[in-house]
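Input: a single structure, listed below in structure tokens.
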Amino acid sequence: MSETPPTDIAILESIGNDLVNLIVCTSTEIVLITIYSMLVIKATSILLRIHKRNSGRMGPAIMLVVVYLMYLINLTCLIIDLVDLVAEVKITLVKDPEVALDIKYTRSRDFTARRLAAVDVLYGYLTCLGDGVIVWRVYAFWASSHIRHLIMAVPVAMLFLSVACSMMLSYCVGRLGPGEIVLGAVLHPQFCRDIQTVSYAIPAATTAIATLLITIKVWNLVRFSGENRIYDSRMSKKSRLEKIVILLIESGVAYFLFFLAQVIQIAPTVRDAINAKPNFRFATNVFIYQTSSIVGLYPTIIICLVHANKSAVNTTLYTVTNVGRESKNHPAHGGRRWAISLGSFRAVVPESSVDASTGGDLESRGGELELKDLQMQAHTSSLDQGDDMLTSQKH
Numbered sequence: 001m002s003e004t005p006p007t008d009i010a011i012l013e014s015i016g017n018d019l020v021n022l023i024v025c026t027s028t029e030i031v032l033i034t035i036y037s038m039l040v041i042k043a044t045s046i047l048l049r050i051h052k053r054n055s056g057r058m059g060p061a062i063m064l065v066v067v068y069l070m071y072l073i074n075l076t077c078l079i080i081d082l083v084d085l086v087a088e089v090k091i092t093l094v095k096d097p098e099v100a101l102d103i104k105y106t107r108s109r110d111f112t113a114r115r116l117a118a119v120d121v122l123y124g125y126l127t128c129l130g131d132g133v134i135v136w137r138v139y140a141f142w143a144s145s146h147i148r149h150l151i152m153a154v155p156v157a158m159l160f161l162s163v164a165c166s167m168m169l170s171y172c173v174g175r176l177g178p179g180e181i182v183l184g185a186v187l188h189p190q191f192c193r194d195i196q197t198v199s200y201a202i203p204a205a206t207t208a209i210a211t212l213l214i215t216i217k218v219w220n221l222v223r224f225s226g227e228n229r230i231y232d233s234r235m236s237k238k239s240r241l242e243k244i245v246i247l248l249i250e251s252g253v254a255y256f257l258f259f260l261a262q263v264i265q266i267a268p269t270v271r272d273a274i275n276a277k278p279n280f281r282f283a284t285n286v287f288i289y290q291t292s293s294i295v296g297l298y299p300t301i302i303i304c305l306v307h308a309n310k311s312a313v314n315t316t317l318y319t320v321t322n323v324g325r326e327s328k329n330h331p332a333h334g335g336r337r338w339a340i341s342l343g344s345f346r347a348v349v350p351e352s353s354v355d356a357s358t359g360g361d362l363e364s365r366g367g368e369l370e371l372k373d374l375q376m377q378a379h380t381s382s383l384d385q386g387d388d389m390l391t392s393q394k395h
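Residue 54 in UniProt numbering sits at position 54 of the sequence shown; the count goes up by one each step and never skips.
This is the structure:
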């Protein structure tokens with residue numbers, strides 16, 4: 001009985017490692033896709049309900065289209081990964097048994113390389129859609145600000161840069177040869193490698209800027225509330241609104257770190273260090289296979305979080321005046337009720353805002369609240385105000 005040549009032993013070991021990597025990566029990806037699918041169903045229910053309740057608005061319909069586009073791209077990436085798994089087994093171990101193992105392994109690598117390139121292109125456009133949702137959320141927060149156009153200039157510019165980079169990356173990937181993508185990183189030419197680095201850096205910068213702008217808006221609200229003694233009608237130790245906004249900010253920071261990790265991972269020195277250690281290489285491969293699902297999950301979570309908690313976002317805030325009967329827990333007994341939109345910080349006077357016992361006069365309660373930089377309206381503002389303005393600008 002002839003012994004297996006050493007070259008074939010090395011190739012069989014490589015095939016085994018590839019199969020272990022692919023099985024673990026795709027299994028983890030399937031778990032994330034399952035979670036993602038449930039969130040898509042939830043987002044669909046929320047957006048359809050909002051669209052039905054406000055039939056004249058196109059914002060929810062546009063968001064629903066974006067959610068489904070991102071989900072379809074993720075499903076496509078998963079299908080490509082499953083095809084790669086089956087193809088490696090079939091090409092190396094099943095088809096053409098008379099052909100040398102090294103030749104079949106080369107064929108398998110060439111087959112998967114082309115599909116890895118396609119996944120990179122899809123991932124680029126997926127990040128563009130995700131950035132669009134993030135920019136839309138920033139606009140909703142700043143929609144009623146008189147400096148909204150100045151504020152939105154940077155995130156919108158970053159969004160256009162992201163689209164441009166994705167288009168250039170598509171061109172680069174179409175011209176790549178076998179072996180020029182390693183661990184998800186383009187090796188040659190230098191221009192394409194730089195474009196890929198920028199394509200990861202721009203979403204990271206967009207997320208950082210968006211999170212900063214949302215944080216600034218929330219900080220302004222907290223400062224305004226403290227200065228004017230405004231309290232949430234449902235506030236105990238921490239209001240539901242605060243929890244939602246804090247979660248938005250924290251998730252934005254995590255999403256920024258996710259893209260930052262990708263930028264670091266494709267750096268030549270870091271990539272070489274990862275390649276030198278099999279365990280690091282395996283962990284990096286698992287991470288790379290989950291990136292598309294994470295990029296789809298975050299914007300979908302944002303949509304579900306904001307719209308599912310709309311009642312908390314539309315919270316009623318109270319002003320407290322200098323009256324003996326007033327208290328933080330019962331502001332209706334000591335002050336006049338105002339609804340303040342998180343998106344615009346506009347004070348709104350509801351029709352039934354004045355307690356009958358006050359005689360309808362805020363000054364008769366013994367105090368007066370100065371509302372600087374706020375406008376009085378006859379209807380309740382909400383965070384979805386930004387969606388309406390965004391839709392009107394599109395038409």
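All C-beta atoms, glycine included, are put in the ideal place defined by N, C-alpha and C.
Predicted model only: the values in this text are computed from it and were never measured.
Alpha-carbon to alpha-carbon, residue j and residue i
| i | j | result |
| --- | --- | --- |
| residue 200 | residue 5 | 43 angstroms |
| residue 109 | residue 209 | 40 angstroms |
| residue 153 | residue 171 | 28 angstroms |
| residue 165 | residue 98 | 45 angstroms |
| residue 88 | residue 111 | 8 angstroms |
| residue 20 | residue 119 | 20 angstroms |
| residue 85 | residue 15 | 11 angstroms |
| residue 255 | residue 79 | 25 angstroms |
| residue 167 | residue 43 | 29 angstroms |
| residue 121 | residue 49 | 33 angstroms |
| residue 370 | residue 224 | In this prediction, residue 370 scores a pLDDT of 37, lower than 50, which makes its location untrustworthy; the coordinate-derived value is nonetheless stated afterwards. The alpha-carbon atoms of residue 370 and residue 224 are separated by roughly 11 angstroms. |
| residue 149 | residue 175 | 39 angstroms |
| residue 54 | residue 287 | 40 angstroms |
| residue 35 | residue 7 | 42 angstroms |
| residue 213 | residue 155 | 10 angstroms |
| residue 30 | residue 73 | 14 angstroms |
| residue 114 | residue 247 | 39 angstroms |
| residue 18 | residue 169 | 26 angstroms |
| residue 357 | residue 147 | Its pLDDT being 40, under 50, residue 357 is placed unreliably by the model, and nothing is read from it. |
| residue 273 | residue 281 | 9 angstroms |
| residue 270 | residue 276 | 10 angstroms |
| residue 135 | residue 142 | 11 angstroms |
| residue 283 | residue 221 | 42 angstroms |
| residue 341 | residue 51 | Here the model assigns residue 341 a pLDDT of 42, short of 50, so the residue's position is not dependable and the matter cannot be decided. |
| residue 69 | residue 304 | 16 angstroms |
| residue 331 | residue 61 | Low local confidence applies: a pLDDT of 46 at residue 331 is under 50, so the model's placement there is unreliable, and no value is given. |
| residue 93 | residue 57 | 56 angstroms |
| residue 128 | residue 65 | 14 angstroms |
| residue 41 | residue 216 | 32 angstroms |
| residue 75 | residue 96 | 31 angstroms |
Closest Cα partner of residue i within the set the options
| i | options | result |
| --- | --- | --- |
| residue 206 | 161, 250, 245 | 161 |
| residue 294 | 15, 126, 27, 243 | 126 |
| residue 260 | 198, 158, 286 | 198 |
| residue 306 | 140, 150, 104, 116 | 140 |
| residue 103 | 91, 114, 113 | 91 |
| residue 258 | 282, 128, 292 | 292 |
| residue 195 | 136, 250, 267 | 267 |
| residue 202 | 173, 221, 157 | 157 |
| residue 12 | 274, 251, 106, 144 | 106 |
| residue 403 | 101, 135, 144 | Here the chain covers residues 1 to 395 and nothing more, so residue 403 does not appear. |
| residue 250 | 211, 304, 95, 28 | 211 |
| residue 117 | 304, 173, 243, 27 | 173 |
Beta-carbon gap between residue i and residue j smaller than 9 angstroms
| i | j | result |
| --- | --- | --- |
| residue 190 | residue 32 | no |
| residue 279 | residue 25 | no |
| residue 67 | residue 299 | yes |
| residue 218 | residue 245 | yes |
| residue 159 | residue 81 | no |
| residue 262 | residue 204 | yes |
| residue 63 | residue 47 | yes |
| residue 59 | residue 296 | no |
| residue 192 | residue 123 | no |
| residue 163 | residue 302 | no |
| residue 71 | residue 37 | yes |
| residue 145 | residue 151 | yes |
First and last residue of the uninterrupted alpha helix (DSSP H) at residue i
| i | result |
| --- | --- |
| residue 148 | 148 to 174 |
| residue 63 | 59 to 89 |
| residue 29 | 6 to 53 |
| residue 113 | 101 to 142 |
| residue 272 | 268 to 276 |
Short CB-CB distance (under 9 angstroms) between residue i and chain C
| i | result |
| --- | --- |
| residue 122 | In the structure shown, chain C does not exist; there is a single protein chain. |
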